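>
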Amino acid sequence: MKYKSLVSIDDLSTDEILKILDLAEEFEKEPISKLLDGKVVSTLFFEPSTRTRLSFESAISRLGGKILGFADASSSSVSKGETLNDTIRTVSNYCDLIVMRHPVEGSARFASEISNVPVINAGDGANQHPTQTLLDLFSIRKTQGTLDNLNIFLVGDLKYGRTVHSLMMAMSRWKATFNFISPEELRMPDEYKLYLDNLGLKYYEHTDFTDIVSKADIIYMTRVQRERFSDPIEYEKVKNVYVLRNSMLKNTKPNMKILHPLPRVNEINIDVDRNPKAYYFEQALNGVFTRQAILCTLLGIK
Ligand code: CP
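Each residue of the sequence shown is one higher than the one before, starting from 1 at the first, in my numbering.
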């Protein structure tokens, strides 16, 4: 493949994305193999994670690879003042591929430029989360039977939510119509709206979605990203602005699905969990198959 690392979803062509989704379907049918036998993958998590780190580690284990890394940078020499440059230059000598999450936007691109081995961005600040996007695309295609011409509702923290930034960029390739639902303070940043403008795609901005929910093919809920707010009072103002409840789903399309990258805080009431339209836990499972496909693709194994 012509690229070495996966930092932004736009590092992949549409063909490459579709090949990864097809391969993920194969891993869903047959998850256990020895394809990564003899390979070492490093998981460096400078920020907390449950799904991304553990689904990557599950994917590596199911492929017969070995894992080294840390889940908490305080247990690494970063706590002694080591720079990201020195950490990456050192760790890239120990492994075949690095999966990295870091709070600073642009850190994954920086790491990819100095590493001897491919770097997968597992989330860099409020910027991008491309592997989440690939599992979201897998989940959307699996449940809708297509990626084409869907009406996607992105709800919640559209300013700081990296998952919605990557997903919007990806779904624009399949001519989605976007409804952005957020409080004024957390609107989709202009750079992403400009991205759609340049492609001639439609988007609509709302502060409420009760009257239009019947149009949605996918409702993608997001958590308000407390860790990105410098002022806790500003977070308190918006933290509970959207709470999706089962009673709000009565007039939705029969095949509409609710996605959420998780973790959730209050934005989906637990009474939604038993509704067949709730898909977020299956979505998290799809992360294992999709990450198996991503690892094999970047390592040139499949
Ligand atoms: N979706 C996601 O990135 O979850 P984690 O923060 O638990 O990895």
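Don't be surprised by glycine CBs; every beta carbon is placed ideally from N, CA and C. A quick note: this is a predicted structure, and the numbers were derived from the prediction, not measured.
Put leucine 135 into one of helix, strand or coil per three-state DSSP.
In this structure, leucine 135 counts as helix in the three-state DSSP scheme.
> Can you name, in chain order, every residue of its own chain whose Cβ lies under 6 Å from the Cβ of threonine 163, other than the five neighbours on each side?
Once the five neighbours on either side are set aside, the close Cβ partners of threonine 163 are His129, Gln132, Pro261.
> Can you find a heavy atom of the ligand CP that lies under 6 Å from the Cβ of proline 261?
Checking every heavy atom of the ligand CP against the Cβ of proline 261, one is found closer than 6 Å.
> Starting from histidine 102, follow its DSSP beta bridges and name the residues at the other end.
According to DSSP, which records beta bridges pairwise, histidine 102 is partnered with Asp124.
> Check whether the region 143-157 touches the region 209-225, counting contact only when three or more Cβ pairs, one atom from each stretch, lie closer than 8 Å.
Because the criterion of three Cβ pairs below 8 Å is met, the region 143-157 and the region 209-225 touch.
> Identify every run of the alpha helix (DSSP H) within the region 238-302, keeping only runs that are complete inside it and at least 4 residues long; order them along the chain.
You should have 280-298.
> Is the beta carbon of leucine 63 closer than 7 Å to that of serine 33?
Yes; because the gap between Cβ atoms is below 7 Å, this pair is in contact.
> Among Leu199, Met248, Phe56, which has the Cα closest to the Cα of alanine 176?
Among Leu199, Met248, Phe56, the Cα nearest to that of alanine 176 is on Leu199.
> So which of Phe46, Glu191, Glu185 has the shortest CA-CA distance to histidine 206?
With distances taken between Cα atoms, histidine 206 lies closest to Glu185.
> Leucine 199 lies in the alpha helix (DSSP H); which residues open and close that run?
That run of the alpha helix (DSSP H) goes 190-199.
> Less than 7 Å separating the beta-carbons of threonine 52 and alanine 122?
Yes, the Cβ-Cβ distance between threonine 52 and alanine 122 is below 7 Å.
> Closer than 7 Å by C-beta to asparagine 85: which residues in its own chain qualify, once you throw out the five before and the five after it? Chain order, please.
Hits under 7 Å: Ile114.
> Using the C-alpha atoms, what's the distance from threonine 290 back to methionine 1?
Note that methionine 1 scores 43 on pLDDT, short of 50, meaning its location in the model is unreliable and no value can be drawn from it.
> Which value, in whole angstroms, describes the spacing of the CA atoms of alanine 59 and serine 182?
Going from the Cα of alanine 59 to the Cα of serine 182 covers about 34 Å.
> Identify the residues that DSSP records as bridge partners of methionine 221: which are they?
Methionine 221 is bridged to Val155.
> In the structure shown, what three-state DSSP assignment does threonine 90 receive?
Looking at threonine 90 - three-state DSSP - the assignment turns out to be helix.
> Hey, how far is the Cα of serine 112 from the Cα of serine 92?
Going by the C-alpha atoms only, they are around 10 Å apart.
> Identify whether lysine 39 lies in helix, strand or coil by the three-state DSSP scheme.
Of the three classes helix, strand and coil, the one that applies to lysine 39 here is coil, per DSSP.
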